[in-house]
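S.K.: First residue of the sequence shown: -8, per my numbering; consecutive thereafter. I have a structure here, written as structure tokens, and I will follow up with some questions on it.
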Amino acid sequence: MNTTLIMNASEGRIQFVLEQEGSLACAQEWSAPSKGTELLTPALADAFQRLGIMPSDISRIACVAGPGSFTGLRLALTTAAAFRRATGAAVAPLNALQALAGSVPFGLLFPARETRIRVITHARRGLVHGQDFLCAPGSALPSPVDEPAMWEIPAACGGERPDIMLGSGVARNLPQLEELFGDSAPLFLPALTHPTAQALLDLTLALPDGAWGHKDLDPLYLRPCDAVDNLASIAAKRGQAPEEAYAQLDKLLGPSAEEVVRGSR
-8 MNTTLIMNAS EGRIQFVLEQ EGSLACAQEW SAPSKGTELL TPALADAFQR LGIMPSDISR
52 IACVAGPGSF TGLRLALTTA AAFRRATGAA VAPLNALQAL AGSVPFGLLF PARETRIRVI
112 THARRGLVHG QDFLCAPGSA LPSPVDEPAM WEIPAACGGE RPDIMLGSGV ARNLPQLEEL
172 FGDSAPLFLP ALTHPTAQAL LDLTLALPDG AWGHKDLDPL YLRPCDAVDN LASIAAKRGQ
232 APEEAYAQLD KLLGPSAEEV VRGSR
């Protein structure tokens, strides 16, 4: 039976969903801030065996491409790429922030007007990934208002006031957010830091045909990785000149690397 595999490892948890005929066949979630590599493939193999699924049954793979943890995104996207190359399955990217917005309990949405949902997730100290979504009455599928962005905490409180605000950025910065918003604070949901299996499934089923392809998915990184930020000190510890290390990085990453490196110095 044709099966869709959905994966997310953007924020310290390994999540995967198996879909068959428009319904959830299996969902698993593991807390794996440091052992995701050891967990994901064995967990998938076990689920396949219990459901009688062969790798060749995977016809589509939807994978959260970001924004989020560099390590987690690479793990999920590499696994998706391996499946695609082995089975010829079509692949499509999912937005981590949209999946979180779709996880807001339906009963919290306004019944007679659009609900503005702001999702912020932890990027690094004082910085969050953020995006606004609108959820129309009667619909649990949020539509993006703009593109994902990197915000400082005060900027995450700007613009049109959201009705609901959630994500790991809320959980980590709740006192500051409450102070910045004051009496006009939205409904904060600090406990909602990971998307639900149903939200991942709904988002995948809503993807248009044009979203699916047969090329490896690119990660959505909104900031240079910590290794790039610390490249000069890393090179010095290895006895390498920083200029040489930056030149090697430029060569490895291609034309866009220069902008990334300059932004990190």
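For glycine and all other residues, C-beta sits at the position ideal for the given N, C-alpha and C.
1) Decide yes or no for the touch test of the stretch -5 to 5 against the stretch 190 to 201: beta carbon pairs closer than 8 Å, at least 3 of them.
2) Applying the 10 Å Cβ sphere with the 16-neighbour rule, what's the burial state of residue 205?
3) By alpha-carbon positions, which one of 118, 84, 130 ends up nearest to residue 99?
4) What runs of the alpha helix (DSSP H), each 4 residues or longer, lie entirely inside the stretch 35 to 105?
5) If we count the other Cβ atoms within 10 Å of its Cβ and call it buried at 16 or more, is residue 14 buried or exposed?
6) Please look up how many angstroms separate the CB atoms of residue 147 and residue 121, rounded, as I've assumed it's under 8 Å.
7) Do you know whose CA, among 88, 55, 163, lies nearest residue 258's CA?
8) So, helix, strand or coil for residue 186, using DSSP?
9) What do you get for residue 128, buried or exposed, if any count of 16 or more other CB atoms within 10 angstroms of its CB means buried?
10) Residue 86: buried (16+ other C-beta within 10 angstroms of its C-beta) or exposed?
11) What is the DSSP secondary structure of residue 110, reduced to helix, strand or coil?
12) Touch check for the stretch 33 to 45 and the stretch 14 to 24: three-plus C-beta pairs under 8 Å?
13) What residue does the beta strand (DSSP E) around residue 11 start on, and which one ends it?
14) Helix, strand or coil for residue 115, going by three-state DSSP, please let me know.
15) In or out: residue 117 buried (at least 16 other Cβ within 10 Å) or exposed?
16) Rounded to the nearest angstrom, what separates residue 209 and residue 68 at their Cα positions?
17) How about the stretch 19 to 32 and the stretch 102 to 114: do they share at least three Cβ pairs that are nearer than 8 Å?
18) Taking the DSSP output, what are the residues bridged to residue -2?
19) Return the chain-ordered list of same chain residues with a C-beta closer than 7 Å to the C-beta of residue 151, the five sequence neighbours on each side being excluded.
20) Is DSSP giving residue 178 helix, strand or coil here?
21) Give the secondary structure of residue 20 by DSSP, where H, G and I count as helix, E and B as strand, and everything else as coil.
22) I need the straight-line Cα distance from residue 183 to residue 177, nearest angstrom please.
23) Report yes if the C-beta distance between residue 35 and residue 66 is below 8 Å; otherwise report no.
24) Starting from the C-beta of residue 135, find all residues in its chain whose C-beta is less than 7 Å away, skip the five residues before and the five after it, and write them out in chain order.
25) If we require 4 or more residues per run, which alpha helix (DSSP H) segments fall completely within the stretch 125 to 179?
M.R.: Result, derived from the coordinates:
1) With the rule of 3 Cβ pairs closer than 8 Å, the stretch -5 to 5 counts as touching the stretch 190 to 201.
2) Classification for residue 205: exposed.
3) Nearest of 118, 84, 130 to residue 99, Cα basis: 130.
4) Complete alpha helix (DSSP H) runs here, min 4: 61 to 78, 87 to 92.
5) Counting Cβ neighbours within 10 Å, residue 14 comes out exposed, since fewer than 16 surround it.
6) The pair is a contact, with the Cβ atoms about 5 Å apart (cut-off 8 Å).
7) Since the first residue of the chain shown is -8 and the last is 256, residue 258 is not available in this structure.
8) For residue 186, the secondary structure class from DSSP, reduced to helix, strand or coil, is coil.
9) With fewer than 16 neighbouring CB atoms inside 10 Å of its own CB, residue 128 falls in the exposed class.
10) Counting Cβ neighbours within 10 Å, residue 86 comes out buried, since at least 16 surround it.
11) Under the three-state reduction of DSSP output, residue 110 falls in the strand class.
12) The stretch 33 to 45 is in contact with the stretch 14 to 24.
13) For residue 11, the enclosing beta strand (DSSP E) covers residues 4 to 11.
14) In the structure shown, residue 115 sits in a strand (DSSP, three-state: E or B).
15) Exposed is the label assigned to residue 117, since fewer than 16 other Cβ atoms lie within 10 Å of its Cβ.
16) Looking at the two C-alpha atoms, the distance is approximately 8 Å.
17) In this structure the stretch 19 to 32 does not touch the stretch 102 to 114; the number of beta carbon pairs closer than 8 Å is below three.
18) Paired residue(s): 7, 54.
19) For residue 151, same chain residues with a beta-carbon under 7 Å away, outside a window of 5 residues either side, are 107 in chain order.
20) Residue 178: strand per DSSP, three-state reduction.
21) Collapsing the DSSP output to three states places residue 20 in a strand.
22) Straight-line Cα distance between these residues: approximately 15 Å.
23) The beta carbons of residue 35 and residue 66 sit no closer together than 8 Å.
24) Excluding positions up to five away in sequence, the list reads 89, 122, 124.
25) Fully enclosed alpha helix (DSSP H) runs of 4 or longer: 159 to 172.
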